Structures are given as C-alpha cells and as structure tokens.
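Residue numbers (the numbering used here), protein chains in the order written: chain A, 1 to 464; chain H, 1001 to 1267; chain V, 2001 to 2296.
Ideal Cβ positions, reconstructed from N, Cα and C, are used throughout, including at glycine.
All of these numbers come straight from a predicted model, not from anything done at the bench.
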Amino acid sequence: MDGFTLFPPPSFWDNWLSFWRFEDINVLWVLMGSILLGMSASVIGGFAFLRKRSLIGDALAHAALPGVMMAFLLFQTRDPLIIFIGALCSSFIGFFLIDWLPKNTKIKADTALAITLSFFFAIGLMLLSYIQGLEVSNKSGLDNILFGQAAAMTEEDIQLLTYVTLFTLITVVLFFQKFRLIAFNQDFARTIGMAVHRYELLLALLIVMSVVVGLQLVGVVLMAAILLTPIAAARFWSNQLSHILIIASMLGALSAIISTQLSYLAPAMPTGPWMVVSLSVLFILSLLFAPKKGLVKRYFEFQALRQQVAEENILRTLYKLLERKEFMHNHFTQADIQSFRNMPSSCLQSTLKQLGKKGLIKASTQGVQLTQSGLERATQLTRRHRLWENYLNQQAKLLPEQVHQQAERIEHILTDAQEAQLQRELSNSQSDPHGNAIPTTHKADKTQDAISSTSNTRGGENFD
Amino acid sequence: MKKTATQNSPPPLMVSNLSMRYHHKPVLTDVSFQIPEGKTIAIVGPNGAGKSTLLKGIMGLEPTMGGEICFFGKPLTHKRLAIAYVPQREEIDWDFPINVFDVVLMGRHGQLKLWQRPSKIDKDIAKQALNDLNMWDFKDRQISELSGGQQQRVFLARALAQKARLYLMDEPFSGVDVSTEKAIIELFKKLKRQGKTIVCVHHDLNTVGEYFDWIIFINARLVAAGPVETVLTKDNLNKTYGGRLSLLNDLTEKMYRTQLNKAHDTD
Amino acid sequence: MINDIWILATASLVAAACALVGVFLILRRQALMGDAISHSVLLGIVLAYLITDSRALPVMLGGAVLIGLLTAWLSDSLHRIGKLQNDASIGIVFTLFFAIGVILVSLYTGQIDLDQECILYGEIAFIPFDTLTIGGGGNIADGFEIGPRAFWSIAIVFMIVLISILITFHRLQTVAFHPNLALSLGINTVFWHYFLMTLVSMTTVASFDAVGAILVVALLVIPASSAYLVAKSLKGMLWSAIAYSQTSVAIGYTLAYQLDSAISASISVSAGLLLLLTILILEIQKKRTHNLQKAS
C-alpha cells in the first residue's frame, strides 16, 4: 500500500534499488525466468489466437490444477519436474475433452470450454482442500499456483521454467513457416500433404507446456491473459505475423519485468494480477496509440479525410457556379456557394481559408476566385464526378436520378489510372446523364485561358 | 375490381439505393426496385451475389450503408405484422430443445405483449398452419428429429402462422425432397389466391420461370427486375452470371475502407 | 445440525438459480460470457464495498450488475472497434477486471471481509455465522435473528430470476432459439441480451459468498449442459437443469462430508461427474440403437 502514496517512503526506493542491483542473486534468476515466460507465452498464445482459440489457455491452465494436486498427493513431493508432469497430463486430458465434447455430443464448442475449465478447476480445488486437511509436510505454498507468486519460486522451478520456455521459443522459430501455414489455412496445408495433425499436436503441447510452466509465476486463474493480451495488443502495431509475434513477446517480457519487480517490493502481492494489469495497460496504449492502426491515428486520418472532402466539395461547387456563368465570371460570394451546397458558415469559412493557404483560391472584396491550380483541380474533380455518373448509368444500369449520391463520394478517391480506365471504357461520352458536359483536360486549359483573360480585362476595367 | 385496388395501393416492397457491406467489402451497391402485390418473386444471382444479404438488409437484420426500404409505403417498424421472414435452415441450432408446435407458435409472438401467453386462437392458427403443410402429425417431435424437408415445412408453417401479407423467404427450396417442393408450390398458389406477395431467394435457374411470376437479378448490384417474360433473357443471365463490375467493386470498397461515406455525411 | 440445514438450503438455492440462468446462457451460446461475468463480479463487489462501506444486498447487487453489464458492453465494443474475435475481447476484459479485483483485495485485506481463498472457494461452511437480524434498532442482541445473510441474498435473487423467467419465458425462448426471427418479429434482441447478463450478474454475486467467483461457472454451465443433452423442450430443460443441480448438491455435500474437502468444490465436481455419466449413458444408448439397426 505504501507504493500508492504520492511520495513513497525511502524504504520503497531502497527496495527498488536493491532489486535492480540484484543484491539477491535469486532476483536475477526469477527476472530472467519471467521474461522468458512472458516471451514464450505471448508467442505461443499468438498461434492460439490465430487459430481462433483465444481462450484455450484459460481452460488449459485451469485444467492443470488437478494434475498438480494429484502429483503432490501421489508422490508427496514438490519436485518441480513431477508437478510439471502431473500438470501436463491433466492439461492434456482437458485439451482432449474440449475437442471431444463438441464433436461427439450436442454440446457446443464454447460451452465445452467453460465446462472443462470449471470442472477441472473444481476437481483441483477439491483435492487442494483435501490435502490441506491431511497431515503431510511441505503442503504450504501449494496454493501459490492459484494466483502466482514469483518471490516464492525456487531455483529448480526457475531452471525448469528456463528449459521449457527456451524449448518453446526455439521450436516456434524452427517451425514458424509450418505453424503459420496451419494457422492461416488448415485445409490448404492438408492438401499440400502436410501432416497437419502432427503439427497441431506439437502446437498443443507447446501451449500446454507454456501454460503449466507459468503457473508458479502467473497463477491458474489469470494465465489466459498472458497468452491472449500480448498478441491482441501487438496486432495493432503491424500486419506481418513475424513482427506481430516479436512485438507480442516484447510486451510479454515488459509486463513480466514490471510484475516481478512489484512482487518483490510487496511480497504479499500475488504476481499474476499485476502482470495482467500491466499487460492490459500496454494493450490499451496499443489500442489508442499504435502508429498504424491505433484509434488516435485512425481519428486523425478521418479528420484529414473530412477536411479534404470539404475542400474538394467547395472546389466543385465553384466549378459549377463558374459553369453556370459560362466561365465568364469568376467571383463568387459565400452566399453563392451556400446556395449550391448546404454547409454551415463557420465550416465554410475555415475551409475557404485552408483553400486560400494552398493557393487553390484567392479571396478578394468581391468574393472568392479559383486560381489556376484551383481550377485545374476543380475541373478534374468535376470530370471524375461526371465520368462516374456515366459509368453507373451505362454499366451498372442505374437511373440518372440515382447516380449523383454515389458520384459525390467516389469523386474524392478516384486515382489517375482509374480515371483513365473510365475514359477508355466510356469512350466518346461528352456529357453526364444529366446532360452536363464532361470537362476534359484539354478543354480545361482553354477555359483557363478564357478565365485568366476575362478576369484580367475585368480587373483592369474595375481598377483602372 | 380487385386489380384497380392493388394498383392504387403502395407496393408491398420498395427498395431504393440500398447499399450493404461485409467488413469493408461491398456486398450490394445502390440496389433499387419495387415489386407488385399478389405475385411470386424470385431473387436470382450467382453465389456470393448478396441475395440473402439483400433479404436481411430489407428485414433490418444486418446493418445497411444507406438506402430506403418501404413496406406498403411505410417503414418496417409500422408494418412488422404484415411481413413474415423465413430464414435459411442452416442458421438455426437444430439441437435446441423445442418441439414443432412451439416453433410454429413463435410466429404469433409479434402479436403478443410481453406477459401474454398464446391464446386458444393463436394455437388454432398454429394448428391450421401445420395442417396446411401436412405437418400436424409431427407437432410433438423435437426439431432435431425432422428431415431437411420437414424442417423447411416447419419454418414455412411458422411464417404462415404470422398471417402476413408479404412473405420473404431465404432459399426455401434448397436441399428439400420432392414432396416438400411440391408442398411449397401448392402453398405459393394458395397464398397468391389470397392476394399475398412472396419474395424468395432462389438459385435454380431451371425452375425459376415455372415457379415465379417475377424475377430480380442481382449480382452485387441490380441487373434487372421485372416480369419473367420480359427479363428472363440471355442478355440478363449473362450480365448476372458474368462477374462483377471491377471498378465499381474496387472503389466502393475503398470508400468503405476510408470511411469516406461518414466523412461526407458529416459536413 | 441447524447449521447444516442452512448450508444445504443455501447451496441448493445457489445451484438452482445458476442452473436456471445457465440454461439460457448455453442456448444463447454465451457460456464464456458467464465465465467472464462471474470473474468480473469480484471487482464489482470490492468496489461497491470500498465506496459505500456497506455489505447490504442492494449495494452488492448494484455493484455487480454495473460491472457485469460493463463487462458485456466493453467486450462487445472491443470486438467492434478493435476488430478482435469475440472470445478474445471477452478474455481481455474479464482478466483485467478480475486482476484488479484480486489486487484490491490483497491491498485492503484488513478492511474487506474477503481474501484470496474466499474468492476461490467461497465460504459456504461459515455462512451460518454471518446472520441477519431484523428489529432491535442499533443493538443487535435485541433483534430477531432470521438466518444467514447469504441465504437471504440468494433467496431473493432466486425469486427475481424465477419470476423474470416465468414472465418473459416466451420472449427468452424466441430470442434464444432464433435471434434473427426475434428481430424480424420486432423483438429488441440487444435489450434481451443485457437482460440476461443482468440476471447472470445478480446470480453470481448472490452466489459469491457461498461458492466464490470461479466455481459459480461450473454451476452455471454444467447442470444446464447435462439438461441440454436430455431435454426435448425448453421447459423440460429448465426442470432437468434444476434436477441435475439439486442432485449435485446432495452428492457433493456427502462427498465433502466424507473426504473433508471444500463443499463448493465438491458440489461442482459432482455436477461434472453427473454430466460425464449422462454422456456415457447417451453414448451407450446410441451404440445400442446403432447395433439394433445393423442387426435388423
């Protein structure tokens, strides 16, 4: 609790320093172990996630509990290897039950998961409570695997943890291509003659091993998050599987460091929950701020698009006004624009300011005026709009009154190549379905000449 | 006399500029049509053309990206009781613990308030519907014990029990036996005599001219809609089954991906 | 002896309420949501207690329902906005809530009448010692003792669940059987989803004292699954789920008594064993009819 006041007492910092100086050599080992676990669990969880079995880790961790208890009951020892093997066995039984139930009974897959999880957990707890009533030595601390207790790990625990996680990581690296193929498209993998079943089994073994070996550190109850949250967070950072997995493993390692440290600073604290909370914070940060797919980035992109659409709409409106005046008059007031396009004045003014800054329009006392480059852009947009209307009308057989709305949107995203394709497919169309002429680049040059000359002469008349 | 009445009343279904998507992929773009009352109408198109999606969009079961749908001149919420929807059989958990009669009785729930139990009248209607499809003998069967054709008949009976004026059916003929197919055709005839309108998603080109009065050709967009005699042409079939318009598809997808439609609506 | 009766009565009410709600969870394919809410509810309980400093039933119910609905809503939002698979978003939300709950419990151990053990097992054996008194004003000794708090909590919630199901039976049936049909009939399926989640939250919080946060999943899912295998109608499924749950309580209690193991865990284990037994019998039946068909 001390850590939560604004200025932690000096002892907090002392502890913190002593942690990082590794005054207790055990700390270094536990830290290494938990980093390795964080990495391997994240990576192997990634494949479970891709196979759309995100919560399999949750079920398998719960399913390991009776194995741990059984192993202790039978052999009366806390030797990590024996406990590990016991947990592995019962986890595997759970794994097969999850698979077997929906295939052979009416029970659906999600229910099968929940059944396995809660049933095995209940067995584990029942055995645990039974053991606690027995007169056996070194039974205390057996319940540490429920919520995880990094500080309570022994040297043998950490050795086993290190071997298993390294094994997992190396196997994943070796079989990366195969695992990816299976995760992506199992049927295809089968058709090209891969022994999918064997790899599936290997993957299952790796998942089960990672889960079981992590119990001391994270605990049964929250193991699910260690497999699931890193990969879910990493997905916001990249689209490439190898990158995603590397990022996920880094997130896993980071949360392992944070939680192990906390576990040492406040020994009464279970490690698992802190690991989950730090992972969740990393997840929320990724969701918000990831450079490619984060929500903040998406929001700014959307705002930029909105700005672009507003600007282009005004350019088009100016073009239409110009067209109505038969290109003889190039000064329009805000009221003119608003008569064509319903837009609040504040928004219109700010957009006009932006257009002015980009040199697409010029504002004067008589109103706004398209510049040379502004007219080019406006002509292009109008051409795209009308070409698209023609396309919808001729090829998609939409009625003239149905085409405008779509074209209003598509005009903003047509590329040069697509425009050229439209020109080809709709060769010799001179006007849109409403009868308006489709301006060509060539023609635009001409009107441009006309405009600059008229506005020049007019300007001369007015001001001289 | 009856004819003039139907001509003046608004059409049972009018769709204008309906667009739908799946994630970012456009499924339907700007589909518009309206249908006459008292006819059987088939929605025809290749796999993945958006036929079922169209029905779902019409019924408000999946979100639409724009467009307007009117039933008898009104939005769906005002005309719900006049419309019955028959989903595809695959959508359902057939292991669900429920018997045939209770499934058919569900058709009456649109009419019932939250706390109301189905009355004697509701039960009679359900019984009548089951009799109409020769399924009364199966009323106590659990639904998993039925054959494919029988399951389809139960669905149709449920729709009948809704006593609607417009029936929207998603592939009622798919995977059923010959006798069920005949029963459905008989049902269509009977409903038509009562002036009801039936819209079906249909995939069998061989029977479409025989079973239906009207056809709507769909392939991600509307290709043609009209009476069988005028629209069931080689040209329309080629267009429907000849692949999509790639530019339309690409650009609509880009529009959804960039959320351009939203950017445009908000200014 | 009187204590045993209170324990048994509480356990059987917990099991019955869970079984009823569980039936709809399973049919709506929301078993994992039940798992998630039962974990999250811990945070609701702890927060409600820390904020109001009271353990009154309305406070606990309020906290749990709020957190339960938040879990459901957040999972759904994460699914839509973050484009994550449904079960992944559920998993992320409930593990976070549960982790925060556990941390709060271990931070304020002195203040909350909760510890890590009771999150896991519940404390059904100690239920009779935490009694409710009515009347007597501030002086508890003058009041009239009406029995364990946990018993009355679950009794009230059981009644709420029962009445809700009785009144809205047909709606729940339609929504569970075929959400799209329900929508096309004008039924608001989103409302009914959150209605069910509210029932789940209330049931799990009222069961919390007795069986803890995790074993309640077993009671929600397992008896209802056994019933799903044998029932031919929804009413039948509800009845058989209750029957399964009560049998589990009876067997589990005996088992716990014999082995001196945790009562709540033993009840859950016997529920699981009954499910396995049901599956075994059904498999044998299937084989036999198969053989008969072969023979004829």
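Cutoff 8 Å: residue i Cβ touching any chain A Cβ
i, result
"H/Q1259", "yes"
"V/F2098", "yes"
"V/T2095", "yes"
"H/A1126", "no"
"H/N1249", "no"
"H/L1245", "yes"
Own chain residues within Cβ distance below 6 Å of residue i, not counting five before or after
i, result
"A/A183", "F47, L50 and R51"
"H/W1214", "K1039, I1041 and P1227"
"A/I337", "T317"
"H/P1010", "F1072 and G1073"
"V/G2212", "I2119, L2120, Y2121 and G2122"
"H/Q1034", "P1011 and M1014"
Backbone secondary structure at residue i - three-state DSSP
i, result
"H/W1214", "strand"
"H/A1224", "strand"
"H/P1172", "coil"
"H/G1209", "helix"
"H/V1201", "strand"
"H/G1066", "strand"
"A/A195", "coil"
"V/G2034", "helix"
"A/G367", "strand"
"H/N1017", "strand"
"H/A1126", "helix"
"H/K1182", "helix"
"A/S431", "strand"
"A/L473", "Within the shown structure, residues of chain A are numbered from 1 to 464, placing residue 473 of chain A beyond reach of any answer."
Opening and closing residue of the alpha helix (DSSP H) in which residue i lies
i, result
"A/S91", "P80 to N104"
"V/Q2173", "R2149 to F2177"
"V/Y2108", "First-last for V/Y2108: undefined, no H or E at that position."
"A/R316", "L295 to R324"
"H/T1258", "First-last for H/T1258: undefined, no H or E at that position."
"H/Q1150", "G1148 to A1161"
"V/L2275", "I2263 to A2295"
"A/L166", "E155 to L174"
"A/V221", "First-last for A/V221: undefined, no H or E at that position."
Contacting residues, own chain, Cβ-Cβ under 8 Å from residue i (five flanking each side not counted)
i, result
"A/L354", "Note that residue 354 of chain A corresponds to Gln in the displayed sequence, not to Leu. Only Q307 and E311 meet the Cβ criterion."
"H/Q1088", "S1052, D1170, E1171 and S1174"
"V/T2247", "S2270 and L2274"
"V/I2263", "I2007, A2011, I2124, A2125, G2252, Y2253 and A2256"
"V/L2240", "The identity of residue 2240 of chain V in the sequence shown is Ser, whereas the question assumes Leu. Result list for V/S2240: S2226, A2227, V2230 and A2231, in chain order."
Interface flag, residue i vs chain H, CB-CB below 8 Å
i, result
"A/R306", "yes"
"V/I2154", "no"
"V/T2289", "no"
"V/H2170", "yes"
"A/F184", "no"
Continuous beta strand (DSSP E) stretch holding residue i: start and end
i, result
"H/P1275", "No answer is possible for residue 1275 of chain H: it lies beyond the span of chain H, which begins at 1001 and ends at 1267."
"H/K1234", "No beta strand (DSSP E) holds H/K1234; the alpha helix (DSSP H) holding it covers K1234 to Y1241."
"H/T1040", "T1040 to V1044"
Residue-chain proximity (residue i, chain V), Cβ-Cβ < 8 Å
i, result
"A/T260", "no"
"H/H1109", "yes"
"A/P270", "yes"
"A/A122", "yes"
Own chain, CB closer than 7 Å to residue i, minus 5 neighbours either side, in chain order
i, result
"H/V1176", "G1148, G1149 and Q1152"
"A/P344", "none"
"V/R2028", "A2176 and L2196"
What are the residues in the region 2228-2258 of chain V lying within 8 Å of chain H by C-beta distance? Y2228, A2231, K2232, S2233, L2234, G2236 and M2237
Please name the residues in the region 2177-2210 of chain V whose beta-carbon is closer than 7 Å to at least one beta-carbon of chain H, in chain order. F2177, H2178, N2180, L2181, L2183, S2184, L2185 and G2186
Can you give me, in chain order, the residues of the region 50-71 of chain A that have a beta carbon less than 7 Å from any beta carbon in chain V? K52, S54, L55 and D58
Using a beta-carbon distance cut-off of less than 9 Å, what residues from the region 395-429 of chain A approach chain H? Q395, A396, K397, L398, L399, Q402, V403, Q405, Q406, E408, R409, I410, H412, I413, L414, Q418, Q421, L422 and E425
Got a sec: which bits of the region 1192-1219 of chain H sit with their beta carbon under 8 Å from any beta carbon on chain V, in order along the chain? none
Using a Cβ-Cβ cut-off of less than 7 Å, list which residues of the region 2023-2038 of chain V approach chain H; keep chain order. L2027
Name the residues in the region 1012-1045 of chain H whose C-beta lies less than 9 Å from a C-beta of chain A; which are they? S1016, N1017, S1019, T1029, D1030 and S1032
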